[in-house]
Amino acid sequence: MLKEAIEKIVSLAGPEIITCSDGTKFAISKDNAIGQILPELDYPTPIVLNSLDALIQMVKTEAVLDDGRIYLSVRDHLTVSCFGHPIPELRENRIVYYEAQAKDVPGWDNQVKMPFDQAAVALQTRFQDSADRPYTLTLLSQITTGAKVTYNDTGVATTVVTSKGVSLQQNSTIRPLVKLRPYRTFQEVEQPEGLFLIRIDERGITFTEADGGMWKLQARQTIKAYLVEALKDEIEKDIVTVMM
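In structure tokens form, the structure reads like this:
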């Protein structure tokens, strides 16, 4: 009896659920406060693409066939999203139709330290050509082929003394900052140029990002320009908008 009495009291204290003829549900509390119970919405999962070219083809052949404008947003240097107008049936939310993700780029961390021989390989396999890549490769080649190397780091620049032969020595000051293009965004576009501080010691060479992440903004601008050029006909027809 006591258990049934407690259950009855709890049921009376709780809100009353009312279902209308159109299927909508409302909760009415004991003080007559009314709140609508909204159903959980089933949002479609966006199609994940691996390249900008695949995204462009999907937009041209499928997305623009629907009514309404299509938006392409360059979220970051690795992601571009495609979505449409808010949908009333989904509480004015937007559906992301496609999302291009640069998953297969090698990438490059903010600070990387490598032995000289590994760094020379990385510069040829994980970097796009740039003005300072030949200089950096030549520097690493001189270090790895020198018979004896002495390091003198002043905190501003590093001096390398490479012994050649019996008595001949070559003394050269390393440029502390170099501009390089590691593969860090979609491979269809030119890789953003980044400024790197290089430091050398007996164990190898260290590359430290020195542009405050501005290369990410440059990458987004490059991606946007690529999309605008590829979708210029759709943009002129006022059915596609590309934004950052």
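The numbering used here applies: residue 10 is where the sequence shown begins, and numbers increase by one.
We treat Cβ as the ideally placed atom computed from N, Cα and C, and that holds for glycine.
Q) Is Val198 helix, strand or coil by DSSP? A) coil
Q) With respect to the beta strand (DSSP E) encompassing Ile209, which residues constitute its N-terminal and C-terminal limits? A) 203-210
**Q.** Identity of the residue in Asp220, Met123, Pro185, Val198 nearest Ile314 by Cα
**A.** There is no way to answer for residue 314, as the model of the chain reaches only from 10 to 253.
**Q.** Buried or exposed by the 16-neighbour rule on C-beta atoms within 10 Å, applied to Pro115
**A.** exposed
Q. Would you report the Cα separation of Ile56 and Cys91, rounded to the nearest angstrom?
A. 10 Å
Q | Helix, strand or coil at Asp220 [DSSP, three-state] | A | coil
Q) If you count every other CB in all the chains shown that lies within 10 Å of the CB of Gly164, and 16 or more means buried, which is it? A) Residue confidence is low: Gly164 scores 49 on pLDDT, short of 50, so the model does not pin down where it sits. No coordinate-derived value is stated.
Q) Using the beta-carbon count (16 or more within 10 Å), is Glu238 buried or exposed? A) exposed
Q. Going by DSSP, which residues form a beta bridge with Asn102?
A. Ile96
Q: Use the C-beta contact count for Ile26: other C-beta atoms within 10 angstroms, 16 or more gives buried, fewer gives exposed.
A: exposed
Q) For the candidate residues Ala228, Leu81, Pro53, whose alpha-carbon lies nearest to that of Glu202? A) Ala228
Q) In this structure, does DSSP put Val249 in helix, strand or coil? A) strand
(Q) Tell me which residue opens and which closes the alpha helix (DSSP H) that Leu87 is part of. (A) Element bounds for Leu87: n/a, residue is neither H nor E.
**Q.** Opposing strand residues paired with Met67 [DSSP bridges]
**A.** Its beta-bridge partners do not exist; DSSP assigns none.
(Q) I'd like to check one pair, Glu197 with Asp62: are the Cβ atoms closer than 9 Å? (A) yes
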